[in-house]
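Right, one structure below, let's go through it.
Protein chains: 2
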Amino acid sequence: MLENLSELRKKRKWSQQETADQLGIAKSTYAGYESGYREPSLQSLSQIADLFETTVDFILGRTNEEQDQIEVTNLLKYPDSRLLLDGKPLSEDEIVDFVAFVRSKRMLRADVSKPSIDTRE
Amino acid sequence: MLENLSELRKKRKWSQQETADQLGIAKSTYAGYESGYREPSLQSLSQIADLFETTVDFILGRTNEEQDQIEVTNLLKYPDSRLLLDGKPLSEDEIVDFVAFVRSKRMLRADVSKPSIDTRE
DNA sequence: CATAATTTCCGCGAACTGCGTACTTATACT
DNA sequence: AGTATAAGTACGCAGTTCGCGGAAATTATG
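Going down the list, the protein sequences come from chains A and B.
To convert, note that position 93 of the first sequence is 95 in our numbering; the numbers rise steadily by one, no gaps.
To convert, note that position 3 of the second sequence is 5 in our numbering; the numbers rise steadily by one, no gaps.
Quick look at the structure:
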């Protein structure tokens, strides 16, 4: 965990001491993070991300391994405003219409063997 | 800190108990996170981000958007299969049809003053 | 080599986590 | 209303972990 830290620091040619100083923590503390011996508090973690001008997710190695994919039907279960059209969020109704629209087209085109899926819970 | 948690959970209409169960922790533990009384370990934090399909940075309040917002018309410029319906990527044609579909409905509903925008480059 | 700089290891005290439990508040039902 | 069930909050304990200083080990530099 946090194995990205070492690289981030070395890329900047900082010593652990310098880095710790900038973070306001003891060098042994910071060293513990790099080695995996210790984990930082959430506050320290945020400060570290700020210092290296990166994200907490990157430091944690949560690299968006898979490019973010969005299943449209999930947008109906948990409404949010992630999809925009002409800068305006898609309403739930619009998404519902869209799902029905595409499904019907797909069904017309090909395999009737695969029925549409009920999106209700 | 972590004040986004409550919203993420409520949007899914989960109780604290249900959420804690999914995370494999005690409900009082999870409740402590929402109230700010306790902070999760980095491991729990990652699990929480996974459960809510968001980023650690968002949970920590380090970023405004829960997820990247996607402008549908941009998908036509740079096709990338990010949108799935029933697990199957939306084709360019499907997106084109959808854009036209929603735009026409939006125009019907309200201001005719704003014509649809040409999606071609 | 010798010396300095950097990194890693260690032990301690303080602080925090995670849990169960108990308590308060909200919701549902008759 | 009154009661029962669920939901959310607060608290104390046991065990773990943090953060630190200082010492060992490793690496860089002359």
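Glycine is no exception: its CB is placed at the ideal position from the N, C-alpha and C atoms.
Please read these numbers as outputs of a predicted model, since none were measured by experiment.
Would you report the Cα separation of GLY63/B and GLU36/A, rounded to the nearest angstrom? The sequence position of residue 63/B within the second sequence is 61, counting from 1. The sequence position of residue 36/A within the first sequence is 34, counting from 1. Roughly 24 Å separates the two Cα atoms.
Just the C-alpha distance for ASP99/A and GLN24/B, rounded to the nearest angstrom, thanks. Taking the first sequence and counting its residues from 1, the one referred to as residue 99/A is at position 97. Taking the second sequence and counting its residues from 1, the one referred to as residue 24/B is at position 22. Answer to the nearest angstrom: the Cα atoms are 32 Å apart.
Three or more beta-carbon pairs under 8 Å between the stretch 39–54 of chain A and the stretch 14–28 of chain A, yes or no? Result yes; three or more Cβ-Cβ pairs closer than 8 Å.
For GLU41/B and LEU4/A, believed in contact at Cβ under 8 Å, the rounded distance: Sequence index remark: in the first sequence, residue 4/A carries index 2 (1-based). Sequence index remark: in the second sequence, residue 41/B carries index 39 (1-based). For a cut-off of 8 Å, the C-beta gap from LEU4/A to GLU41/B is around 17 Å, too long to register as a contact.
Assigned secondary structure, LYS107/B (DSSP; H/G/I helix, E/B strand, else coil): In the second sequence, counting from the first residue as 1, residue 107/B sits at position 105. Correct three-state label for LYS107/B: helix.
Using CA atoms only, rank isn't needed, just tell me which of THR75/B, ILE97/B and TRP16/B is closest to LYS79/A. For the purposes of this step, residue 79/A is taken as the residue at position 77 of the first sequence. Nearest Cα to LYS79/A within the set THR75/B, ILE97/B and TRP16/B: TRP16/B.
Is the CB of PRO11/B under 8 Å away from at least one CB in chain A? As a working note, residue 11/B is residue 9 in the second sequence. Checking the displayed sequence, the identity of residue 11/B turns out to be Arg instead of Pro. Closer than 8 Å: no.
I want to verify the contact list: residues of chain A whose CB lies under 7 Å from the CB of GLU36/B, in sequence order. Translated into positions along the second sequence, residue 36/B becomes position 34. Result: empty, since nearest Cβ-Cβ is about 14 Å, beyond 7 Å.
Just how far apart, CA to CA, sit ILE61/B and LEU86/B? For the purposes of this step, residue 61/B is taken as residue 59 along the second sequence, with counting starting at 1. For the purposes of this step, residue 86/B is taken as residue 84 along the second sequence, with counting starting at 1. Cα to Cα, ILE61/B sits roughly 25 Å from LEU86/B.
Compare the C-beta of ARG64/B with all C-beta atoms of chain A and state if any pair is closer than 8 Å. Within the second sequence, residue 64/B is the residue found at index 62, counting from 1. Interface residue, yes.
Assign LEU7/B to one of three DSSP states: helix, strand, or coil. Sequence index remark: in the second sequence, residue 7/B carries index 5 (1-based). In this structure, LEU7/B counts as helix in the three-state DSSP scheme.
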